[in-house]
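Number of protein chains: 2
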Amino acid sequence: MSFAMQRQAQSNPLLRKLDSIADLSDEERQALLELSLNVKVFEADSDIVRDGERPTDCCLVLSGFVCRYKILPDGKRQIMGFYIPGDMPDLQGFHMKILDNTIGTLVTSSVALIPHDTLQDLLDRHPGLVRVFWRDTLIDAAMFREWMIGMGRRSAYQRIAHLLCELHVRLSAVGLAGPKGYDLPVTQNELGDALGLSTVHVNRVLQDLRSEGMIVLRGGTLHIPDWEALQTAGDFDPAYLHIRR
Amino acid sequence: MSFAMQRQAQSNPLLRKLDSIADLSDEERQALLELSLNVKVFEADSDIVRDGERPTDCCLVLSGFVCRYKILPDGKRQIMGFYIPGDMPDLQGFHMKILDNTIGTLVTSSVALIPHDTLQDLLDRHPGLVRVFWRDTLIDAAMFREWMIGMGRRSAYQRIAHLLCELHVRLSAVGLAGPKGYDLPVTQNELGDALGLSTVHVNRVLQDLRSEGMIVLRGGTLHIPDWEALQTAGDFDPAYLHIRR
DNA sequence: CGAAGGCTTGATAGACCTCAAACACAGTGG
DNA sequence: CCACTGTGTTTGAGGTCTATCAAGCCTTCG
Numbered sequence: 068m069s070f071a072m073q074r075q076a077q078s079n080p081l082l083r084k085l086d087s088i089a090d091l092s093d094e095e096r097q098a099l100l101e102l103s104l105n106v107k108v109f110e111a112d113s114d115i116v117r118d119g120e121r122p123t124d125c126c127l128v129l130s131g132f133v134c135r136y137k138i139l140p141d142g143k144r145q146i147m148g149f150y151i152p153g154d155m156p157d158l159q160g161f162h163m164k165i166l167d168n169t170i171g172t173l174v175t176s177s178v179a180l181i182p183h184d185t186l187q188d189l190l191d192r193h194p195g196l197v198r199v200f201w202r203d204t205l206i207d208a209a210m211f212r213e214w215m216i217g218m219g220r221r222s223a224y225q226r227i228a229h230l231l232c233e234l235h236v237r238l239s240a241v242g243l244a245g246p247k248g249y250d251l252p253v254t255q256n257e258l259g260d261a262l263g264l265s266t267v268h269v270n271r272v273l274q275d276l277r278s279e280g281m282i283v284l285r286g287g288t289l290h291i292p293d294w295e296a297l298q299t300a301g302d303f304d305p306a307y308l309h310i311r312r
Numbered sequence: 068m069s070f071a072m073q074r075q076a077q078s079n080p081l082l083r084k085l086d087s088i089a090d091l092s093d094e095e096r097q098a099l100l101e102l103s104l105n106v107k108v109f110e111a112d113s114d115i116v117r118d119g120e121r122p123t124d125c126c127l128v129l130s131g132f133v134c135r136y137k138i139l140p141d142g143k144r145q146i147m148g149f150y151i152p153g154d155m156p157d158l159q160g161f162h163m164k165i166l167d168n169t170i171g172t173l174v175t176s177s178v179a180l181i182p183h184d185t186l187q188d189l190l191d192r193h194p195g196l197v198r199v200f201w202r203d204t205l206i207d208a209a210m211f212r213e214w215m216i217g218m219g220r221r222s223a224y225q226r227i228a229h230l231l232c233e234l235h236v237r238l239s240a241v242g243l244a245g246p247k248g249y250d251l252p253v254t255q256n257e258l259g260d261a262l263g264l265s266t267v268h269v270n271r272v273l274q275d276l277r278s279e280g281m282i283v284l285r286g287g288t289l290h291i292p293d294w295e296a297l298q299t300a301g302d303f304d305p306a307y308l309h310i311r312r
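These protein sequence lines are chains Y and W, in that order.
Quick note on numbering: this note's numbering labels position 220 of the first sequence as 287, and the sequence is numbered without any gaps.
Quick note on numbering: this note's numbering labels position 113 of the second sequence as 180, and the sequence is numbered without any gaps.
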């Protein structure tokens, strides 16, 4: 592709993301660049789409940090995934009338709302993109499975290390992480809700990880001195993310 | 559709399943009926496709009981889903080169292997089916999310009740369950691996459920005297299965 | 009848939770 | 500029759910 196009792609979160998981043709890239985006800013801790709604748009995260969650009858919350710029957390809504979970922000985030009609039109004109978006939802599913494994069979210690690894790989893939760390605007309470742990226990395990020199976590910034060690501690293998080399 | 076609549909697990989650046109139904199936029988506890392989076919369960699982380095196993006749547990392999989990049988099962090329051809000739199969993978993902919620935030008691409810609804949708129960050819050990519990604990919780009259489970047959009660016990809401009507 | 797999039971231990309070820090308002 | 407030983090104590280990029992099947 041309240099100008390459530069544009770099600054477009969606393109950067899709490039990281699939091969795009120049036409497909162009079509994605030309999507006119209706950008909306959501403040921290607000819902973008809610459980039970019938969405008419898909949301695309442009900046910030977003999560998928569900509140249980007894008030407990389970976070089922974190979403970063370039991700489309409710792509599922495109094929399922009623949403079965809520998408909400963790920090102030800007989000593009893409009408289902626009998306359908895009896929009609570029059938090759179907495979790309479908693949994206399959990778989402693979992440769910990996989280299931964690909650079913891994210790709190492993789970936390694993999550920190996952985020590092995903953020790196879209250029949002340094080689040795990244910004992690997530509270310990939220980590607990994501991992099926109590806030107190998350705190204690984080202290363990710190005291072993595995991580340095302060003020929303995570530093990973020894990536290999953290990966081992979390039994982390990035294969399930299906990111292209 | 014609009466003859209707009758055929009834006896075709794939059609029954897809009918339960989407609207099919007569042409699509016909095309699915005409798929020539290469049927293979797998004995109990054998793997159909393995973690790390590059599958060239998708498998379609015709009879039996199949599960998706992964073995961890320390030997622990996590089962990530149960699959019944009509399900295509590795549809994901169609868009992801390398499998990140294993599909194996729980009991003797017959399975059709459909080459990816055949499937691609089918989707090219009937683009409407893309939405149907895509939707199927999205429902699979919704089940993963629900299991995550269970392992993260529900007690062993709730989890077991929830799973028994899920299977009842899914088996009913394809005509394999009676109004008050179904065949459940799953050992307590396997239940534990699916729910993130030890065999011993599964056994104890099942006894609780039995003593409360919630279930009658003997010799692989489950009887549910009071469906409402079990549903409440498991905090079960079938919405996530996205089954039509 | 013996073997094998699954189920059941008992005893003990540990990972993680809950409750409760103190601490740290940033933002707000007087 | 400094109390004041709110949110997030940290610490302590106790309790519980669930795991582990180990054994006995039951059914099926060759």
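Every residue gets a Cβ at the ideal spot worked out from N, C-alpha and C, and that includes glycine.
Name the one or two DSSP bridge partners that residue i has.
i, result
"Y/Gly171", "Y/Asp114 and Y/Cys134"
"Y/Val178", "Y/Lys107 and Y/Val128"
"Y/His290", "Y/Gly248 and Y/Val283"
"Y/Phe211", "DSSP lists no partner for Y/Phe211."
"Y/Arg322", "Because chain Y in this structure spans residues 68 to 312, residue 322 of chain Y falls outside the shown range and cannot be described."
"W/Phe149", "W/Cys134"
Can you round the beta-carbon distance between residue i and residue j to whole angstroms, since I take them to be within the 8 Å contact cut?
i, j, result
"Y/Cys125", "Y/Gly148", "No, Y/Cys125 and Y/Gly148 are not in contact; Cβ-Cβ is about 15 Å, not under 8 Å."
"Y/Arg202", "W/His162", "5 Å"
"W/Leu262", "W/Met218", "7 Å"
"Y/Ile170", "Y/Val116", "5 Å"
"Y/Val128", "Y/Pro152", "5 Å"
"Y/His193", "Y/Ala98", "5 Å"
"W/Asp207", "Y/Ala209", "Rounded, the Cβ-Cβ distance is 11 Å, inconsistent with contact."
"Y/Leu82", "Y/Leu104", "With 8 Å as the limit, Y/Leu82 and Y/Leu104 do not qualify as a contact, their Cβ atoms being about 12 Å apart."
"W/Leu251", "W/Leu289", "5 Å"
"Y/His40", "Y/Phe303", "The requested residue 40 of chain Y does not occur in the structure, where chain Y is confined to residues 68 to 312."
Does any residue of chain W have a CB that is nearer than 8 Å to the CB of residue i?
i, result
"Y/Asn270", "no"
"Y/Ala209", "yes"
"Y/Pro140", "yes"
"Y/Leu196", "no"
"Y/His309", "yes"
"Y/Met218", "yes"
"Y/Asn256", "no"
Counting only C-beta atoms, is residue i closer than 8 Å to chain Y at any point?
i, result
"W/Arg212", "yes"
"W/His162", "yes"
"W/Thr185", "no"
"W/Trp201", "yes"
"W/Gln298", "no"
"W/Leu205", "yes"
"W/Gln159", "yes"
"W/Lys143", "yes"
"W/Met281", "no"
"W/Lys84", "no"
"W/Ala306", "yes"
With distances taken Cα to Cα, identify the nearest neighbour of residue i among the options.
i, options, result
"Y/Phe43", "Y/Asp118, Y/Leu230, Y/Thr172 and Y/Gln159", "What the structure shows of chain Y is the stretch from 68 to 312, and residue 43 of chain Y is not part of that stretch, so it cannot be assessed."
"W/Asp157", "W/Ala179, W/Val174, W/Gln77 and W/Asp141", "W/Ala179"
"Y/Gln187", "Y/Ser176, Y/Phe200 and Y/Ser177", "Y/Phe200"
"W/Pro292", "W/Val241, W/Cys232 and W/Gln255", "W/Cys232"
"Y/Gly301", "Y/Tyr136, Y/Gly142 and Y/Ile227", "Y/Ile227"
"Y/Asp118", "W/Ala306, W/Pro80 and W/Gly245", "W/Ala306"
"W/Arg144", "W/Asp275, W/Ser113, W/Leu308 and W/Glu257", "W/Glu257"
"W/Asp275", "W/Ala240, W/Gly287 and W/Ala223", "W/Ala223"
"W/Ile165", "W/Ala244, W/Thr123 and W/Ala240", "W/Thr123"
"W/Asp154", "W/Arg237, W/Gln298 and W/Arg220", "W/Arg237"
"W/Ala89", "W/Leu297, W/Arg198 and W/Thr299", "W/Arg198"
"W/Gly142", "W/Gly287, W/Asp260, W/Met281 and W/Arg285", "W/Asp260"
"Y/Asp112", "Y/Pro80, Y/Ser176, Y/Ile282 and Y/Arg121", "Y/Ser176"
Helix, strand or coil for residue i? Go by DSSP, reduced to three states.
i, result
"Y/Ile88", "helix"
"Y/Arg311", "coil"
"W/Gly242", "coil"
"W/Gly160", "helix"
"W/Met155", "coil"
"Y/Gly217", "helix"
"Y/Thr123", "coil"
"W/Pro305", "helix"
"Y/Ser265", "coil"
"W/Ile206", "helix"
"Y/Leu319", "No answer is possible for residue 319 of chain Y: the residues shown for chain Y start at 68 and end at 312."
"W/Asn256", "helix"
"W/Ile165", "coil"
"Y/Asn270", "helix"
"W/His229", "helix"
"W/Ser222", "coil"
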